[in-house]
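> Residue numbers (the UniProt record's numbering): 1 to 458. Questions regarding the structure given below will be posed in turn.
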């Protein structure tokens, strides 16, 4: 139902990114942060509208499950529609029963997607281009999700270190144990967690994580609103140099396209998803306002002392505040398994056939190697704030902004076309350029920030 979809949308979008929003506002300023967060939220929501509109307006859902008889004249057009279906379905989980497309240049029956939807490189230049698009999207999706796993490791280790330091040193004092050692100690538990191959068995972990996250965020709100200073005590705009860090962090927090798309596919009335007001518009409006509120009041409360996760700013001498760090650290740890599942599936579908009779052992070996790789990357880049911004700038600006615009151009180029004065083309070019600008500036600034902070890592 519409209400169920709205609840799932809110639950899926409100993740660990909300805890980083005060850091985003630290890099933007109070007033500019509010305006820019709403602007980025609007653009991200609109890009989801683009993808859903393609599916609804072109009838691609029905086309994906059908066998269509076409003439030679229509085969190229049908090929493009079919591969577009596979791009959207394979990447964003729109269809559960899609399969390999095969094309014929001659007249006849063209089988549509039936199976795992991995695209064969057919001797057609257009199909090769589409296959390249799909490979790029899968690449960025894998990098994005594994990057988020690395962020989770830094997040969990940082919170555990702060709590453990408080326990060992009679209230709070910096622990002599290096932060990286906490990350290394997480490796074995993470490997064991990710030996779970069936998504069904990860569901209970998700429920526990959701409960802990909701409780922790609620208590965090309590601390944020205690004795708030005047807004005049905080800058309303910081500097142009810091804005890329804001962009990367904000889009990391707001971009929930992987959660949103499967929800639309399972609605009883999918047209209600992007209608007016529509489930998507209502849900994203609530999410953007909540994220803006946390960012605004979190930065207002802690100012220049704001850390990569707002939980790290909570009082270190109070048991309740320390319990929040434990709850959210456990929640993020459990979420790692779900976050890891998708990239593992993508990678294994690409390489699993190479192992023959040793598939079972090989899959566990690949899982172990990937977990160790994420721990190693986290150990190499233990700065939480710049790392979050880097992942957002590199991956989510690409997946959430550039690729939806490119897919719309490719899909609608022939029919219905680019519109009067090519408005659809110019609109998508603007979104692509916005994504490219965020990608380049966010990546450079985040790397500079990581290098600057590297020597000061605890």
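A virtual CB, placed ideally from N, CA and C, is assigned to each residue, including glycine.
Which of the three DSSP states, helix, strand or coil, is assigned to residue 139?
Numbered from 1 along the chain shown, position 139 holds the residue referred to as residue 139. DSSP places residue 139 in helix when its eight states are reduced to three.
> Counting only the same chain and skipping the five closest in sequence on each side, list residues whose C-beta sits under 6 Å from that of residue 16.
Stepping through the chain shown from its first residue, residue 16 is reached at position 16. For residue 16, where only same-chain residues beyond five positions count, the Cβ hits under 6 Å are 332.
> Is residue 413 helix, strand or coil when you go by DSSP?
If you number the chain shown from 1, residue 413 lands on position 413. In the structure shown, residue 413 sits in coil (DSSP, three-state: anything other than H, G, I, E or B).
> For a test of the three-state rule: what should DSSP assign to residue 41, helix, strand or coil?
As a first step, residue 41 must be located in the chain shown, where it is residue number 41. DSSP places residue 41 in helix when its eight states are reduced to three.
> Looking only at its own chain, which residues have a Cβ that is under 7 Å from the Cβ of residue 295, when we skip the five neighbours before and after it?
Along the chain shown, one-based indexing puts residue 295 at 295. Excluding residues within five positions, the ones whose Cβ falls inside 7 Å are 21, 22, 24, 25, 33 and 37.
> Does DSSP classify residue 210 as helix, strand or coil?
For this step, residue 210 is matched to residue 210 along the chain shown. In this structure, residue 210 counts as helix in the three-state DSSP scheme.
> Is the region 369-381 touching the region 188-200 in the sense that three or more CB pairs, one from each, lie closer than 8 Å?
Verdict: yes, contact present.
> Give me, in chain order, the residues of the same chain whose beta-carbon lies closer than 6 Å to that of residue 237; leave out the 5 immediate sequence neighbours on both sides.
Here residue 237 refers to the residue found at position 237 of the chain shown. Taken in chain order, the residues that qualify are 29 and 32.
> May I have the straight-line CA-CA distance separating residue 223 from residue 198, to the nearest angstrom?
One-based indexing of the chain shown puts residue 223 at position 223. One-based indexing of the chain shown puts residue 198 at position 198. Computed Cα separation, rounded: 39 Å.
> Could you tell me whether the region 178-186 touches the region 154-162, where touching means 3 or more Cβ pairs closer than 8 Å?
Flag = yes, the region 178-186 and the region 154-162 touch.
> If I measure Cβ to Cβ from residue 18 and keep anything under 8 Å in the same chain, skipping five residues before and after, which residues do I get?
Residue mapping note: residue 18 aligns to position 18 of the chain shown, counting from 1. Within the same chain, residue 18 has close Cβ partners 217, 253, 290, 291 and 294.
> Going by other Cβ atoms of all chains shown within 10 Å of its Cβ, with 16 needed for buried, is residue 422 buried or exposed?
Within the chain shown, the letter at position 422 stands for residue 422. Flag for residue 422 reads exposed.
> May I ask you to verify whether the region 363-370 touches the region 388-407, counting CB pairs closer than 8 Å and requiring at least 3?
Segments in contact, no.
> Determine contact between the region 430-449 and the region 230-248, defined as no fewer than three beta-carbon pairs at a distance below 8 Å.
The region 430-449 is in contact with the region 230-248.
> Out of curiosity, what's the CA-to-CA distance linking residue 230 and residue 27?
For the purposes of this step, residue 230 is taken as the residue at position 230 of the chain shown. For the purposes of this step, residue 27 is taken as the residue at position 27 of the chain shown. Cα to Cα, residue 230 sits roughly 19 Å from residue 27.
> Assuming residue 205 contacts residue 334 under a Cβ cut-off of 8 Å, what Cβ separation, rounded to an integer in Å, is found between them?
On the chain shown, residue 205 is found 205 positions in, with the first residue counted as 1. On the chain shown, residue 334 is found 334 positions in, with the first residue counted as 1. Indeed they touch by this definition, with Cβ atoms about 4 Å apart.
> Classify residue 337: buried if its beta carbon has 16 or more other beta carbons within 10 angstroms, exposed otherwise.
Along the chain shown, read from residue 1 onward, the residue named residue 337 stands at position 337. With 16 or more Cβ atoms within 10 Å of its Cβ, residue 337 is classed as buried.
> For residue 277, count the other beta carbons within 10 Å of its own beta carbon; 16 or more makes it buried, fewer makes it exposed. Which is it?
The residue given as residue 277 occupies position 277 in the chain shown. That one is exposed.
> Can you tell me which of 449, 355 and 203 puts its alpha carbon nearest to the alpha carbon of residue 383?
In the chain shown, the residue the question calls residue 383 occupies position 383. Of 449, 355 and 203, the residue nearest in Cα terms is 449.
> Leaving out five residues on either side along the sequence, give the residues of the same chain with a beta carbon under 6 Å from the beta carbon of residue 330.
Here residue 330 corresponds to residue number 330 of the chain shown, with the count starting at 1. If we look at residue 330 and ignore the five residues flanking it on each side, its Cβ neighbours are 212.
> Along the chain, where does the alpha helix (DSSP H) that runs through residue 376 open and close?
For the purposes of this step, residue 376 is taken as residue 376 along the chain shown, with counting starting at 1. 359-380 is the span of the alpha helix (DSSP H), which, as asked, contains residue 376.
> With distances taken between CB atoms, is the gap from residue 342 to residue 136 smaller than 8 Å?
To locate residue 342, count along the chain shown from 1; it is residue 342. To locate residue 136, count along the chain shown from 1; it is residue 136. Taking 8 Å as the Cβ cut-off, residue 342 and residue 136 do not qualify as a contacting pair.
> Is the Cβ of residue 161 closer than 8 Å to any Cβ of chain D?
Of the chains in the structure shown, none is chain D; there is only one protein chain.
> Out of 429, 405, 339 and 420, point me to the one whose CA is closest to residue 149's CA.
Taking the chain shown and counting its residues from 1, the one referred to as residue 149 is at position 149. That would be 339, whose Cα lies nearest to the Cα of residue 149.
> Using the rule of at least 16 other Cβ atoms within 10 Å of the residue's Cβ for burial, across every protein chain shown, is residue 307 buried or exposed?
Locating residue 307 in the chain shown gives position 307, where the first residue counts as 1. That one is buried.
> Could you check if residue 446 is buried or exposed, using at least 16 other CB atoms within 10 Å of its CB as the buried criterion?
As a working note, residue 446 is residue 446 in the chain shown. Looking at its Cβ environment, which holds 16 or more other Cβ atoms inside 10 Å, residue 446 is buried.
> Helix, strand or coil for residue 63, going by three-state DSSP, please let me know.
Within the chain shown, residue 63 is the residue found at index 63, counting from 1. Residue confidence for residue 63 is low, a pLDDT of 45 falling below 50, so the modelled location carries little weight and cannot support an answer.
> If we count the other Cβ atoms within 10 Å of its Cβ and call it buried at 16 or more, is residue 321 buried or exposed?
Within the chain shown, numbered from 1, the residue matching residue 321 stands at position 321. Buried.
> Using a Cβ-Cβ cut-off of 6 Å (strictly less than) and excluding sequence neighbours within five positions of residue 284, which residues of its own chain qualify?
For this step, residue 284 is matched to residue 284 along the chain shown. Excluding sequence neighbours, residue 284 sits near 45.
> If contacts are defined as beta-carbon pairs under 8 Å, then residue 347 and residue 142 qualify, I think. What distance do you get, rounded to the angstrom?
Sequence index remark: in the chain shown, residue 347 carries index 347 (1-based). Sequence index remark: in the chain shown, residue 142 carries index 142 (1-based). Rounded, the Cβ-Cβ distance is 6 Å, consistent with contact.
> Can you name, in chain order, every residue of its own chain whose Cβ lies under 7 Å from the Cβ of residue 140, other than the five neighbours on each side?
For the purposes of this step, residue 140 is identified with residue 140 of the chain shown, where counting begins at 1. So the list reads 395, 398 and 399, once near-sequence residues are dropped.
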